[in-house]
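Working notes, structure below.
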Amino acid sequence: MAHGENPPINITPGAIRFNTDSMKLEYFRIGMEGGATSSYAGIGTLAAGEWVEIMTDTPDIQTGGTRAVFMGGQNEPSPNTTYNIMDYIQVDTTGNAVDFGDMQAAELEGAALGGHLRGYYFGGDPAETGIETFVFSNVASDGGSGDTTVYGNLTANSKTGCGTGDRTRGIAFLGADPSAQNRIDYFVLASTGSGVDFGNNDINGVANSAACGSPTRGVIGGGSGATNAVAFVTISTLGNTADFGDLTDQRFGLSAGSNAVRGLFAGGGAPSDGTDLIDYITIASLGNAIDFGDLTRSNHYGAAATSSTRFVYAGGDDHPSGGNYSNIIDYVQIMTTGDARDFGDLTQFRRHVKGCSNGNGGVG
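Residues 1 to 364, numbered by the numbering used here, are exactly what the sequence shown covers, in order.
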């Protein structure tokens with residue numbers, strides 16, 4: 001609707017319009033509070049419904065399919081190199097990862113999340129506030145550059161945090177550094193700028209947790225001290241985490257991913273050893289996680305990413321004291337249960353690698 005145009009008095013749910021301000025198609029739906037089948041919509045507080053943008057792009061349009069990118073990490077204790085490299089895979093195929101580009105600097109123990117166009121990496125070791133971003137389609141083989149650019153800053157230093165989000169917001173669960181104080185930030189994916197305070201996470205450990213989500217909920221599980229706690233937030237609002245349920249075991253350094261229905265939590269360190277466990281939850285409900293199957297090896301400090309059908313787990317280390325770093329990529333089909341299968345390999349053996357995709361559950 002152009003500026004200055006009077007809105008129609010009666011709008012039937014399901015009506016479609018072309019918004020000449022945003023240049024997007026929109027449809028009209030009844031608001032969350034319900035209401036009559038038609039309403040005087042778009043004026044002040046009288047509207048019982050809302051116009052919603054019709055999404056017409058998909059990962060297939062943007063990149064030829066869901067693309068997962070794995071960032072940074074650390075190799076075997078000797079020579080103990082930290083990487084600035086980024087690898088990518090097409091999630092719904094199999095095969096070895098391919099070079100995507102470079103980060104701003106060598107990074108480990110940060111966190112990552114993906115939108116439908118861009119991926120984001122934030123924090124790191126030593127604890128820092130920086131947020132980097134990249135475009136999923138800008139890989140060198142496509143004639144572009146997959147390197148990251150500077151996005152902005154978090155509200156506090158963070159390392160070993162985790163992230164999730166929807167098509168609009170990234171939700172950053174900060175970790176480890178005392179200045180974080182269980183803080184949750186959010187930032188707007190389509191712009192650049194600083195993180196904004198969202199609330200606090202007082203349910204999980206303050207570090208080494210894992211997050212995933214749907215278009216409405218962000219879910220975080222596990223964490224420092226080897227906890228089995230699972231908590232959630234509503235992405236479009238502000239506030240503290242609320243209790244969701246429990247994982248099947250206590251662990252930290254696990255990885256998580258989801259489609260719009262299910263969230264999977266894989267690997268992690270129990271108090272003494274890594275684990276091969278994969279749990280799943282139904283994101284729209286509350287309750288304890290259920291056993292899904294096993295990874296191909298016990299592991300923690302790996303990376304996870306998803307499409308609407310697949311969960312992939314890459315890299316990691318099989319013991320909290322370090323030593324057996326991995327370049328293996330596993331996958332499972334999200335809506336089934338069962339043990340993981342071999343997908344391929346990363347370009348380097350490494351742990352504290354982070355992953356995200358443009359087809360995860362938060363982007364629908």
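We treat Cβ as the ideally placed atom computed from N, Cα and C, and that holds for glycine.
In this structure, how does DSSP classify G361 when only helix, strand and coil are distinguished? In this structure, DSSP gives G361 a helical state, which the three-state scheme calls helix.
When you compare only the Cα positions, how much space is there between S194 and E26? Near 29 Å, if we compare the C-alpha coordinates of E26 and S194.
Using only the alpha-carbon positions, how far apart do D330 and N299 sit? N299 has its alpha-carbon roughly 11 Å from the corresponding atom of D330.
Alpha-carbon to alpha-carbon, S209 and S255: Here the alpha carbons of S209 and S255 stand approximately 8 Å from one another.
Grab me the residues of N80's own chain with a C-beta within less than 8 Å of its C-beta, minus the 5 sequence neighbours each way, in chain order. Contacts found: Q74.
When DSSP labels each residue in this structure, what does G193 get in the three-state scheme? Of the three classes helix, strand and coil, the one that applies to G193 here is coil, per DSSP.
Across which residues does DSSP place H352 in a beta bridge pair? Residue pairing by DSSP leaves H352 without any beta bridge partner.
Neighbourhood of S224 by C-beta distance below 7 Å, restricted to the same chain and skipping five residues each side: Take S224, set aside five residues on each side of it, and the residues of its chain with a beta-carbon closer than 7 Å to its own are G205, V206, A207, N208 and F252, in chain order.
Is the number of C-beta pairs between the stretch 346-355 and the stretch 240-247 that are closer than 8 Å three or more? Counting Cβ pairs under 8 Å, fewer than three are found: no touch.
Chain-order list of residues whose beta-carbon lies under 6 Å from that of N240 (same chain, five-residue window excluded): Cβ neighbours of N240 beyond the five flanking positions: G199 and N200.
Would you mind working out which of A229, T192, L238 and G170 sits nearest V363, comparing C-alpha positions? The closest CA to that of V363, considering only A229, T192, L238 and G170, is found on G170.
Could you check what DSSP says for Q250 in three-state terms: helix, strand or coil? In this structure, Q250 counts as strand in the three-state DSSP scheme.
Cβ neighbours of A372 in the same chain (closer than 8 Å, five flanking residues each side left out): The requested residue 372 does not occur in the structure, where the chain is confined to residues 1 to 364.
For the stretch 84-101 against the stretch 162-180, are there 3 or more C-beta pairs whose distance is under 8 Å? No, the stretch 84-101 does not touch the stretch 162-180.
Counting beta carbon pairs with one atom in the stretch 121-133 and one in the stretch 148-162, are three or more of them shorter than 8 Å? The stretch 148-162, when compared against the stretch 121-133, does touch it at the 8 Å Cβ threshold.
For S38, name the three-state secondary structure that DSSP assigns. Unreliable positioning characterises S38 in this predicted model, as indicated by a pLDDT of 37, which lies under 50. A coordinate reading is not provided.
Using only alpha-carbon positions, find the residue among G221, G110, T234 and S214 that is nearest to A176. The candidate whose alpha carbon is nearest that of A176 is G110.
Which two residues bound the contiguous beta strand (DSSP E) that contains Q333? For Q333, the uninterrupted beta strand (DSSP E) segment begins and ends at I328 to Q333.
Per DSSP, what are the beta-bridge partners of F232 in this structure? The partner list for F232 (beta bridge, DSSP) reads V219 and A242.
Measuring CB atoms only, is the stretch 324-339 touching the stretch 218-238, in the sense that at least three cross pairs come out at less than 8 Å? The way I'd put it, the stretch 324-339 doesn't touch the stretch 218-238; fewer than three beta-carbon pairs between them come closer than 8 Å.
Of all the beta strand (DSSP E) runs that stay within the bounds of the stretch 146-216, which reach a length of 3 or more residues? Fully contained in the stretch 146-216 are the following beta strand (DSSP E) runs of length 3 or more, in chain order: 149-158, 162-165, 169-173, 183-188, 196-200 and 210-213.
For chain C, is any of its Cβ atoms less than 8 Å away from the one on N204? Among the chains of the structure shown, chain C does not appear; only one protein chain is present.
Looking at the secondary structure, which residues open and close the beta strand (DSSP E) in which S298 lies? Judged by DSSP secondary structure, S298 falls within the beta strand (DSSP E) whose first and last residues are I290 to N299.
Give me whichever residues DSSP pairs with Q74 in a beta bridge. T82 and R351.
Could you give the C-beta distance for H116 and N324, rounded to a whole number, given that I count them as a contact under 8 Å? A Cβ-Cβ separation of about 36 Å leaves H116 out of contact with N324 under the 8 Å criterion.
Rounded to whole angstroms, what is the Cα-Cα separation between S285 and I278? Those two C-alpha atoms are separated by around 19 Å.
Which value, in whole angstroms, describes the spacing of the CA atoms of L84 and A242? Note that residue 84 corresponds to Asn in the displayed sequence, not to Leu. Whole-angstrom Cα-Cα distance: 35 Å.
For D87 versus F70, is the C-beta spacing smaller than 8 Å? Yes, these two residues count as a Cβ contact at 8 Å.
What's the C-alpha gap between K354 and D102? One Cα belongs to K354, the other to D102, and the distance between them is close to 14 Å.
Whole angstroms is fine: what's the gap from A314's alpha carbon to R217's? When rounded, the distance between both Cα atoms is 24 Å.
Classify I11: buried if its beta carbon has 16 or more other beta carbons within 10 angstroms, exposed otherwise. Residue environment for I11: buried (at least 16 other C-beta atoms within 10 angstroms of its C-beta).
Please determine, among A180, N138, T160 and V139, the residue with the shortest C-alpha to C-alpha distance to L154. Here the closest residue by C-alpha is A180.
Alpha-carbon to alpha-carbon, T282 and L257: The amino acid at residue 257 is misidentified as Leu; the sequence shows Gly. Straight-line spacing of the CA atoms in G257 and T282 works out to 12 Å.
Start and end of the beta strand (DSSP E) containing Y122? The sequence as given places Phe at residue 122; Tyr does not occur at that position. In this chain, the beta strand (DSSP E) harbouring F122 covers R118 to F122.
Among D291, G124 and Y186, nearest to A340 - alpha-carbon criterion: The closest CA to that of A340, considering only D291, G124 and Y186, is found on D291.
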